[in-house]
Every structure is written in C-alpha cells, then in structure tokens.
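Asker:
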Amino acid sequence: NNKTGSAIQKGDLLYTRMSKTNIYYGRLPKLAAHFIKLLNVYDEPLYDRYNIFLKWTHADETKLVDSLVSDIRFTGDHFLKNNPSMNVLIKTGDYKDKMVLQVMTECRPADVESFLDYINARPRNYAGNEWKISEIFATWLAEGAPKVIRE
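At position 121 of the sequence shown (counting the first as 1) the number is 123 in the numbering used here, and the numbers step up by one without a gap.
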C-alpha cells in the first residue's frame, strides 16, 4: 500500500498481518503494533514490543500506565526543581494557561490514557522509534494536548 511514490528503502517500517492472540488488546499492544517503544527517564524500555503480543492482560496495562504516570511525575518534578526554564506555558487545549512541568507533576492515569489515544490515532509520527515517555508527553502538553475526537 505504498502510495507515497517513494521506493521502499532500508529502515522503512514494514507492516504485516498476524493471527490475533488472546491478549488484552488495550492501548499498549496498539502502540507495539506500530513498533513504538516507550522508555523511562533512564532510557529503559517499559515493555517488550514483541512479547506484548504473547501475554498481555488488563492488569499489565493498568500497571504500565501507573509506571508511565510515575515517570512523568518524577521527570516533571526533577526539571521543576533543577531547570525551571523548561516550564513553558500551555497556550491551548484542556491545560490552557497551565505550565507544562506543573501539569506533569500532577499527571493522572487519565492524562496518560488520553496521550496514548492520541499516539494511537497518529502513529505515523511515532512508528518504528523509541521515545522517552516524559519527553513526548511534555511536547504533547506544550502543543495543546490534542485529543482524539470520538463520534
């Protein structure tokens, strides 16, 4: 389905179909289906992009979302104390007129879930790469935290 007019090259992401497994198909397996790897602040992977399709439960998803929240809060607090110049004003969206690092220190699971929904709705920006969750979450906030519109 390459409609770009560009020839396929080394390093391109190739999508294939596979048989469905009996995992909980939540937000994280959908990210992994785009070969997106989220890292914590120490550059450690937060899940395995391969094994997630073998065994993934609702409890695994809840636990990982809690880990993402903790990492974002930790990072926001660290930079608020050590580099407050990074604390920029959010100009649009649900967090309008709040500061990025402040929102990060108060992060809740629902905030992370909205962010993961956004990534899943726009995977092309993230597919095939590794990302520190706190960095891309901060960028999402600074850009107005766009949300997925559900019908």
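The beta-carbon is built from N, C-alpha and C at its ideal position, and this holds for glycine as well.
1) Okay, do the stretch 108 to 118 and the stretch 63 to 71 touch, 3+ Cβ pairs below 8 angstroms being the bar?
2) Here's a check: name, in chain order, each residue in its chain whose Cβ is nearer than 7 angstroms to the Cβ of Pro47, leaving out the five neighbours to either side.
3) Nearest to Lys83 by CA position, among Met106, Arg51, Thr94, Gly95, is which residue?
4) Which value, in whole angstroms, describes the spacing of the CA atoms of Asn85 and Ala140?
5) Could you check whether Leu16 and Glu63 sit closer than 8 angstroms to each other, using their CB atoms as the reference points?
6) Excluding the 5 residues preceding and the 5 following Thr23 in the sequence, name in chain order all residues of the same chain whose CB lies nearer than 6 angstroms to its CB.
7) Leaving out the 5 sequence neighbours to the left and right, which residues in its chain are closer than 6 angstroms to Trp142 when beta-carbon positions are compared?
8) Looking at the secondary structure, which residues open and close the beta strand (DSSP E) in which Glu132 lies?
9) If the criterion is Cβ atoms closer than 8 angstroms, does the pair Val43 and Phe76 meet it?
10) In terms of alpha-carbon separation, which member of Asp119, Trp58, Pro125 lies closest to Val150?
11) Strictly by DSSP, which residues pair up with Pro125?
Answerer: Reading from the atomic positions:
1) With a cut-off of 8 angstroms on Cβ pairs, the stretch 108 to 118 is in contact with the stretch 63 to 71, counting three or more such pairs.
2) Only Lys39, Leu41 meet the Cβ criterion.
3) Nearest of Met106, Arg51, Thr94, Gly95 to Lys83, Cα basis: Met106.
4) So the alpha carbons of these two residues sit roughly 14 angstroms apart.
5) Contact flag unset, no.
6) By the criterion of a C-beta distance shorter than 6 angstroms, Thr23 is surrounded in its chain by Phe55, once the five residues flanking it on both sides are discounted.
7) Excluding sequence neighbours, Trp142 sits near Phe117.
8) Run containing Glu132: 132 to 134, per the beta strand (DSSP E) assignment.
9) Closer than 8 angstroms, so yes.
10) Distance check between Val150 and each of Asp119, Trp58, Pro125 places Asp119 closest, using alpha-carbon atoms only.
11) DSSP, once it has assigned bridges, lists no residue as partnering Pro125.
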